[in-house]
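Here is the structure we will look at.
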Amino acid sequence: AVFVRDPMERLVSAFRDKFEHPNSYYHPVFGKAIIKKYRPNACEEELNNGSGVKFKEFIHYLLDSHRPVGMDIHWEKISKLCYPCLIHYDFVGKFETLEEDANYFLQLIGAPKKLKFPNFKDRHSSDKRT
């Protein structure tokens, strides 16, 4: 089984989760490098803490074949994570209908009826788009 998500929704969610809120790993590791390479005239504070990455800068980083830091599982191409051309998945669920699809999958594999997928709310969904 594999669960898929709309690629743009996935990128927006990853950006919001990793760059819109304080993050002690992503800001110093990715944020600093992204700001340094893609923000002309960045101030010293931005370069030192890596916070405040703009979505446009994030997209430039993703599209740059000479990006300053490697990719991350949260925005790496799905083809490099799940190998859909090499693995024959017998079930494809969608993130947008995760709870329903996961519960259906549990039913398909014969899981106990009282076993249910927990309720889930994406913290960084597209409902807050600008």
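Numbered by the numbering used here, the letters in the sequence shown go through residues 2 to 131 in order. Where a beta carbon is used, it is the ideal one built from N, C-alpha and C, also for glycine.
Output the boundary residues of the beta strand (DSSP E) element that contains residue i.
i	result
valine 3	3 to 5
valine 54	First-last for valine 54: undefined, no H or E at that position.
Check for me: the alpha helix (DSSP H) holding residue i runs from which residue to which?
i	result
lysine 33	33 to 39
valine 13	8 to 20
phenylalanine 106	99 to 109
asparagine 49	45 to 50
Going by the CB atoms, is the gap between residue j and residue i shorter than 8 Å?
i	j	result
proline 69	alanine 15	no
glutamate 47	glycine 53	yes
leucine 107	phenylalanine 118	yes
phenylalanine 121	leucine 87	no
tyrosine 62	tyrosine 39	yes
tyrosine 90	valine 3	yes
glycine 51	histidine 22	no
I'd like to confirm the pairing. Which residues does DSSP put opposite residue i in its beta bridges?
i	result
lysine 114	DSSP, once it has assigned bridges, lists no residue as partnering lysine 114.
lysine 78	Paired residues: none, contrary to the question.
valine 93	Val3
Would you call residue i buried or exposed, if buried means 16 or more other Cβ atoms sit within 10 Å of its Cβ?
i	result
isoleucine 164	Residue 164 falls outside the range modelled here, since the chain spans only 2 to 131, and no answer is possible.
glycine 32	buried
phenylalanine 59	buried
lysine 37	exposed
lysine 132	Absent from the structure is residue 132, since the part of the chain shown begins at 2 and ends at 131.
histidine 75	exposed
aspartate 102	buried
phenylalanine 92	exposed
histidine 67	exposed
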